[in-house]
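2 protein chains.
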Amino acid sequence: MNATGSLPPPWDSVGERLRARGLRWTPQRRTVMEVLAEADGHITSAELVEQCRARDASTIPSTVYRTLDVLEELGLVRHGHGANGGEEFHVRPTREHGHLHCAGCGATWELAASQASAIEDAFRAADGFEIDIGHVTLVGRCRTCAAAETRG
Amino acid sequence: MNATGSLPPPWDSVGERLRARGLRWTPQRRTVMEVLAEADGHITSAELVEQCRARDASTIPSTVYRTLDVLEELGLVRHGHGANGGEEFHVRPTREHGHLHCAGCGATWELAASQASAIEDAFRAADGFEIDIGHVTLVGRCRTCAAAETRG
DNA sequence: TGATCTATTGCAACAGTTCGCAATAAGCCT
DNA sequence: AGGCTTATTGCGAACTGTTGCAATAGATCA
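Here the protein sequences come in this chain order: C and R. Residues in the first sequence are numbered from 1 upward in steps of one, following our numbering. Residues in the second sequence are numbered from 153 upward in steps of one, following our numbering.
Pasting the structure below:
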C-alpha cells in the first residue's frame, strides 16, 4: 500500500509529489485531499473547512487554507472568486470554464468552453489581454432577466 | 447655504435626496460624502474607512459600510470586487468601465468604454448574457506578460 | 419651541481569511 | 532505531465585512 492509501487519481500521487519538492505528507493534508477528491468540481473554502471538520473535529481553518495554497502550487486546484468576492476552488482535472452569475435571479451557471473561447478572443482583440475566464465569477443579467428589465 | 454645505455635485443634493426618501442626513454620512467627493473614481472600503477616520477619529466601520449601502441604493456609488475579491467602489459620475488585472505583473488598469462594448457584445452573442463589466475586476495576463510566457 | 416617531449610530459579537511564532513531527541520513 | 533538519501545525492576533440591539438624535408636525 502506498503512502497515500486509496485516494483516486490525481490525488494518489500527491504524497510523492510533495516529498519530491521537499514538502511533507501529513494527516491534515490527507484530510483535505479526501474532501477534495469527493468534491470534484467546485467547492468554497467554507464548505471545505466544514467537511474537513466533519472528518476530523480538530481541523484548524488556517491549516486548510495553507494546504490549499500548496495544492494550488502543485496545480491540483485553482482558486477563484464567486459573485460576492468569496474564495472558491476549481478542483482538477476539471476543464477550463467560466462562471456567470445573474444579479437579477441569483442564478450561477457555467459558460461552455466554446462560448468561453469567443469571449477570450474578444478580450485578446480589444486589449491584447489573455483573460483567465475561470478566475472570477462574472456578474450581470441572464437573458431572461435582461429581457424583463427592458420591458419593465 | 444649503444643508449639505459646500460639497460638489452630485453630493450637494444628497441631503435632500435622503430626506425625500424618509432617510436622514447625519454628520457621519457627511464625512463619508466628503471622502467620496475627493476620491472621485475608485476607492476600497478599507481606504474609505481609513480616510473617514482621518477626518473624524470616532468613525465606526460599520457605519461607513451601512452608509455605502444607502449610497448604492441612491445610485451614487456602485460596489464591485477587486482582483483579490475585496470590495471596492466606483464613485459616480464616472462612466461605466471595466477593470483588468494582470496576474503576472500585478498591474490593474481600466478597460476603455469602446473596448468594453466589444466585450459586452461577445457575451451577449455567446449566452444572451448582459454582463456588468464593472462589477468584478477581471484577471488574466497583460499583453506583455502573455507574450513573455509564450516565449518561455 | 417641544413632543413624537423612527432612522441611525455605536457597540459588541461573529464569520471568513491571513499572518507571526513557538512547538511539533515528517522525512532523511546514519 | 535514533538523531537531525526544517516544514508544518496549532494558536492567537489582526483585518475585512456583517448583524442584532439598545440608546441616540434627525425630521416632522403641532
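Heads up, the beta-carbon is just placed ideally off N, CA and C, and yes, glycines get one too. Please read these numbers as outputs of a predicted model, since none were measured by experiment.
Tell me whether residue i, by its Cβ, gets closer than 7 Å to a heavy atom of the ligand FMN.
i       : result
C/Pro27 : No copy of the ligand FMN appears in this structure; indeed no ligand is present at all.
Measure the alpha-carbon distance for residue i versus residue j and round it to whole angstroms.
i        : j        : result
C/Cys105 : C/Ala148 : 11 Å
C/Ala116 : C/Gly98  : 7 Å
C/Val32  : C/Pro8   : 13 Å
R/Thr178 : R/Glu239 : 24 Å
R/Glu168 : C/Ile131 : 43 Å
C/Ser45  : C/Ser114 : 28 Å
R/Ala259 : R/Ala298 : 13 Å
R/Ile212 : C/Gly85  : 23 Å
R/Ala255 : C/Ile119 : 19 Å
R/Val288 : R/Phe281 : 15 Å
C/Cys52  : R/Ser210 : 41 Å
R/Ala155 : C/Gly75  : With a pLDDT of only 46 at R/Ala155, under the threshold of 50, the placement of this residue in the model should not be trusted; the figure read from the coordinates follows. Going from the Cα of R/Ala155 to the Cα of C/Gly75 covers about 57 Å.
C/Val70  : C/His79  : 12 Å
R/Ala235 : R/Phe275 : 20 Å
Using the beta-carbon of each residue, which ones in chain R are nearer than 8 Å to residue i?
i        : result
C/Phe115 : Reading off the sequence shown, one finds Gln at residue 115 of chain C, where the question assumed Phe. Going along chain R in sequence order, the residues near C/Gln115 (Cβ under 8 Å) are Ala278 and Asp279.
In the DSSP output, what is residue i paired with across the bridge?
i        : result
R/Trp261 : R/Leu252
R/Arg293 : C/Glu130
R/His233 : R/Glu239 and R/Val288
R/Ile195 : R/Phe241
Compare the C-alpha of residue i against each of the options and name the closest.
i        : options                                   : result
C/His81  : C/Leu74, C/Gly75 and C/Phe89              : C/Phe89
R/Val243 : R/Gly237, R/Val187 and R/Gly174           : R/Val187
R/Arg176 : R/Arg218, R/Asp273, R/Glu190 and R/Ala206 : R/Arg218
C/Glu73  : C/Val14, C/Ala39 and C/His42              : C/Val14
C/Glu110 : C/Ala122, C/Leu138, C/Arg124 and C/Gln51  : C/Leu138
R/Gly193 : R/Glu202, R/Thr246, R/Thr215 and R/Arg230 : R/Thr246
C/Leu100 : C/Ala46, C/Phe123, C/Arg143 and C/Val64   : C/Arg143
C/Ala37  : C/Val136, C/Arg19, C/Ile119 and C/Trp11   : C/Trp11
C/Arg141 : R/Gly292, R/Gly286 and R/Arg293           : R/Gly286
Just the chain C side, please: which residues come within less than 9 Å of residue i by C-beta, in chain order?
i        : result
R/Cys294 : Asp127, Gly128, Phe129 and Glu130
R/Ala255 : Asp132 and His135
What does residue i touch in chain C if you count any residue whose Cβ is under 7 Å from its own?
i        : result
R/Val291 : Asp132, His135 and Val136
Find the residues of chain C that neighbour residue i, judging by a C-beta separation of less than 8 Å, and give them in chain order.
i       : result
R/Ala94 : The shown model of chain R, from 153 to 304, leaves out residue 94 of chain R, and the question about it has no answer.
Within 9 Å of chain R by C-beta, residues of the segment 64 to 96 of chain C in sequence order
Gly80, His81, Gly82, Ala83, Asn84, Gly85, Gly86 and Glu87
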